[in-house]
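A.B. asks: Handing you a structure now.
Set out below in structure tokens:
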């Protein structure tokens, strides 16, 4: 086996640096969301996020300029969480059921009364923020693509791809509607109830 050339070293070093950057970015975002849920968006300071993430205030501002940007990163990363949740499902069920069950399980972490209250606060902030609202279409497109690609991994038969694309579209549509209904009701019921209602409506019509 040949030894790596000197030209290979910078590329590998850059790869490690980029991976460390992504890991730090994710850690800060996850810490921020956790603190938002625990303490509320308004009550959570940048200093508290930096301290809990184990970084300095200066390092925080290298990755983020505001708390708003943490939510943007969190929204972008939610597609990957959906993908992982679907992969944990059994292929002995229908693809639509697999996505529904994955979303119910994934969002179950936010079902305690305090968590629902803080998620409602975050939802209101997102809906009132022009930048975050503008990202809605991109966010849902990413989630739909993640669902479709994951379903294709689990059911790889080429002839099923078109149907799986439709399942992905309907699933994220149901997810969006569940969020809207949950928000209008101000979280009076667990979010899973809204999800199940929306998926049940799909099944009733198809």
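In our numbering, the protein residues as written are 229 to 434.
Every residue gets a Cβ at the ideal spot worked out from N, C-alpha and C, and that includes glycine.
Just verifying my parser: in three-state terms, what is the DSSP assignment at residue 322?
C.D. replies: Mapped onto the chain shown, residue 322 falls at position 94. If DSSP states are grouped into helix, strand and coil, residue 322 belongs with coil.
A.B. asks: Under 8 Å by Cβ, that's how I've got residue 374 and residue 308 pegged, so tell me the actual separation to the nearest angstrom.
C.D. replies: Translated into the one-based positions of the chain shown, residue 374 becomes position 146. Translated into the one-based positions of the chain shown, residue 308 becomes position 80. Contact flag correct, Cβ pair sits at about 7 Å.
A.B. asks: Using three-state DSSP, classify residue 272 as helix, strand or coil.
C.D. replies: Start at 1 with the first residue of the chain shown, and residue 272 comes out as number 44. Coil at residue 272, not helix or strand.
A.B. asks: Please classify residue 244: is it buried, with 16 or more other beta-carbons within 10 angstroms of its beta-carbon, or exposed?
C.D. replies: Walking along the chain shown from the start, residue 244 turns up at place 16. By the neighbour-count rule (16 or more Cβ atoms within 10 Å), residue 244 is not buried but exposed.
A.B. asks: Which of the three DSSP states is assigned to residue 329 in this structure?
C.D. replies: In the chain shown, residue 329 corresponds to position 101, counting from 1. Three-state DSSP puts residue 329 in a helix.
A.B. asks: What does a CB cutoff of less than 6 Å around residue 278 pick up in its chain, not counting 5 residues either side in sequence?
C.D. replies: Here the question's residue 278 lines up with position 50 in the chain shown. Cβ neighbours of residue 278 beyond the five flanking positions: 285, 288.
A.B. asks: Within the segment 322-402, note down every full alpha helix (DSSP H) run reaching 4 residues or more, in order along the chain.
C.D. replies: DSSP runs (the alpha helix (DSSP H)) wholly in the segment 322-402: 323-335, 341-356, 358-362, 364-382.
A.B. asks: On the CB-based measure, 16 or more other CB atoms within 10 Å of its CB, does residue 337 come out buried or exposed?
C.D. replies: Here the question's residue 337 lines up with position 109 in the chain shown. The residue in question, residue 337, is exposed, as its Cβ has fewer than 16 Cβ neighbours within 10 Å.
A.B. asks: Output needed for residue 353: all residues of its chain with C-beta closer than 7 Å, excluding positions within five of it in sequence on either side, in chain order.
C.D. replies: Counting from one through the chain shown, the residue named residue 353 turns up at place 125. Cβ neighbours of residue 353 beyond the five flanking positions: 269.
A.B. asks: Between the beta-carbon of residue 430 and the beta-carbon of residue 406, is there less than 7 Å?
C.D. replies: As a position in the chain shown, residue 430 is number 202, starting the count at 1. As a position in the chain shown, residue 406 is number 178, starting the count at 1. For residue 430 and residue 406, no; Cβs fall outside 7 Å.
A.B. asks: Is the segment 287-307 touching the segment 244-258 in the sense that three or more CB pairs, one from each, lie closer than 8 Å?
C.D. replies: Segments in contact, yes.
A.B. asks: Might you give, ordered along the chain, the residues of its own chain that have their beta carbon closer than 7 Å to the beta carbon of residue 380, omitting 5 neighbours on each side?
C.D. replies: Here residue 380 refers to the residue found at position 152 when the chain shown is read from its first residue. Excluding positions up to five away in sequence, the list reads 389, 392.
A.B. asks: Using a Cβ-Cβ cutoff of less than 6 Å, which residues in the same chain neighbour residue 361 once the five nearest sequence positions on both sides are dropped?
C.D. replies: By 1-based counting over the chain shown, the position of residue 361 is 133. Excluding positions up to five away in sequence, the list is empty.
A.B. asks: At which residues does the alpha helix (DSSP H) containing residue 287 begin and terminate?
C.D. replies: Counting from 1 along the chain shown, the entry for residue 287 is found at position 59. Segment 285-291, the alpha helix (DSSP H) holding residue 287.
A.B. asks: Near residue 371, what residues of its chain come up, given a Cβ to Cβ distance below 8 Å and the 5 sequence neighbours on each side ignored?
C.D. replies: Position 143 of the chain shown, counting from 1, holds the residue named residue 371. 306, 307, 310, 400, 403.
A.B. asks: Could you say if the segment 338-348 and the segment 290-299 meet the contact criterion of at least three C-beta pairs nearer than 8 Å?
C.D. replies: Short answer: they don't touch.
A.B. asks: Could you give the first and the last residue of the continuous alpha helix (DSSP H) run that contains residue 433?
C.D. replies: Sequence index remark: in the chain shown, residue 433 carries index 205 (1-based). Element bounds for residue 433: 419-433.
A.B. asks: If you follow the alpha helix (DSSP H) that residue 303 is part of, which residue opens it and which one closes it?
C.D. replies: Residue numbering aside, residue 303 sits at position 75 when the chain shown is read from its first letter. Segment 295-315, the alpha helix (DSSP H) holding residue 303.
A.B. asks: Note down, in chain order, each residue of its chain lying with its Cβ closer than 6 Å to the Cβ of residue 418, except the 5 sequence neighbours on either side.
C.D. replies: Sequence index remark: in the chain shown, residue 418 carries index 190 (1-based). The residues are 339.
A.B. asks: My output table needs one value for residue 416: the three-state DSSP class, helix, strand or coil.
C.D. replies: Sequence index remark: in the chain shown, residue 416 carries index 188 (1-based). Coil at residue 416, not helix or strand.
A.B. asks: Can you check which of these residues, 342, 296, 423, is closest to residue 440 by C-alpha distance?
C.D. replies: With the chain represented from 229 up to 434, any question about residue 440 goes unanswered, as that position is not in the structure.
A.B. asks: Would a check of beta-carbon distances place residue 325 closer than 7 Å to chain D?
C.D. replies: Given the protein chain composition of this structure (a single chain), no chain D is represented.
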